[in-house]
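Note sheet for the following structure.
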Amino acid sequence: MKIHTVTNYIKDSQEKLVNHPIYDNIQNIDDLKIFMENHVFAVWDFMSLLKGLQINLTCVNNPWVPVENTEAARFINEIVLEEETDEIKSHNVTSHFELYLDAMHEIGASTNKIQSFIDAIKSSKKYRETINSYNIEEEIKEFLNFTFDIVDSNETHKIAAAFTFGRENVIPDMFIEIVKGLNKENSSVADKFVFYLERHIELDGDDHGPIALKMIENLCGNDLSKWEDVKEIAKKSIEMRIKLWSHINYLIKCH
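11 is the number of the first residue of the sequence shown in our numbering; add one for each residue after it.
In structure tokens, the structure reads:
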């Protein structure tokens, strides 16, 4: 079993995601604010998938010891470099999560809820309890809990599947055109979000996407049971994204 088997299996779900009505319903800056204020939680938990892979594939403890799979370690370290410490315009170094927050500030979206959530996570000893008790929509909690169920499984190939097929490959070019259209009407008020999207598409298409696929192949090898896990996690990850999109789309239509 190889990557093409997984991509064929998830093809219908990916098409549903790419053709989701949310893209047509983001028609003004207020719609974009609603989208970003809710989607930012998925931007945050992506970093935990990333860290889950780094913890499992590299040595992040002292004393250092050699890792078993140096090729996979290199794959994830390359991705971490740019996701957590990307060098962007004017030689600023930032994580993509913080880049997203900057984009929210630019359009006047509120970051209060996500910032206070991060503060609560920092001070919590039981982060799952914090997620489930925090004042966010149930659909967002469900999305986050699915992510952390995968992370907490501590099974690297499963984390890689959610990371690769549920995240790295699902930022459609359509968002770029939507926001560029909004900018024409609003004097480039969402320039930073356009930059965020373009940076992701650039990295995912040229670097992170291909690297992540190689990482999947490296981790699964000829183990058919792992490939089956990857198929199911990949599909479920996309379905969870569709469910999140549908919830945010509902909020946009109702405001």
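Cβ coordinates follow ideal geometry from the N, Cα and C atoms, glycine included. Just so you know, these numbers come straight off a predicted model, no measurement behind them.
Anticipated Cβ contact below 8 Å, residue i with residue j, distance rounded
i    : j    : result
F267 : I248 : The requested residue 267 is not part of the displayed model; the chain covers only 11 to 265.
N44  : I188 : As written in the sequence, residue 44 is Ile, which differs from the Asn given in the question. Going by Cβ atoms, the distance from I44 to I188 rounds to 14 Å, so no, they are not a contact pair.
H30  : W255 : 5 Å
I117 : V199 : 6 Å
V16  : A244 : 6 Å
F158 : S58  : 7 Å
N48  : I150 : 6 Å
V90  : H167 : That belief does not hold up - the Cβ atoms of V90 and H167 are roughly 18 Å apart, past 8 Å.
M225 : F85  : 4 Å
M250 : F156 : 5 Å
A130 : T121 : About 14 Å; that fails the 8 Å criterion.
Y110 : V53  : 5 Å
I252 : K26  : 6 Å
Residue i, enclosing alpha helix (DSSP H) - first and last residue
i    : result
N29  : Neither: N29 is in no alpha helix (DSSP H) and is coded neither H nor E.
F158 : 148-163
G62  : 39-67
V2   : There is no way to answer for residue 2, as the model of the chain reaches only from 11 to 265.
F203 : 201-213
T166 : 166-173
R138 : 137-143
A222 : 219-230
T121 : Segment: none, T121 is in no alpha helix (DSSP H) and carries neither H nor E.
V16  : 13-19
Beta bridge counterpart(s) of residue i as assigned by DSSP
i   : result
E97 : V103
Euclidean distance between Cα positions of residue i and residue j
i    : j    : result
W74  : E227 : 26 Å
S126 : F51  : 12 Å
G62  : I169 : 7 Å
D201 : E88  : 27 Å
N71  : A83  : 14 Å
G219 : L213 : 7 Å
E97  : K190 : 23 Å
E94  : N102 : 12 Å
K132 : G231 : 37 Å
D268 : N35  : The first residue shown for the chain is 11 and the last is 265, placing residue 268 beyond what the model contains.
W237 : H14  : 11 Å
L192 : K123 : 25 Å
Y260 : P76  : 49 Å
N79  : E92  : 21 Å
F302 : S134 : Here the chain has residues from 11 to 265 only, and residue 302 is not among them.
Y19  : S235 : 15 Å
N297 : K12  : As displayed, the chain neither begins before 11 nor continues past 265, which places residue 297 out of reach and without an answer.
K99  : V204 : 13 Å
9 Å Cβ cutoff, residue i in contact with chain B
i   : result
I86 : Considering every chain present, this structure includes no chain B. It has just one protein chain.
Inset, instruction - Tell me, please, whether the region 140-151 touches the region 67-83 by the rule of three or more beta-carbon pairs shorter than 8 Å. - result: Short answer: they don't touch.
Inset, instruction - Take every Cβ of the region 202-209, pair it with every Cβ of the region 103-113, and state whether three or more of those distances are shorter than 8 Å. - result: Remark: three or more beta-carbon pairs, one from each stretch, lie closer than 8 Å, so the region 202-209 and the region 103-113 are flagged as touching.
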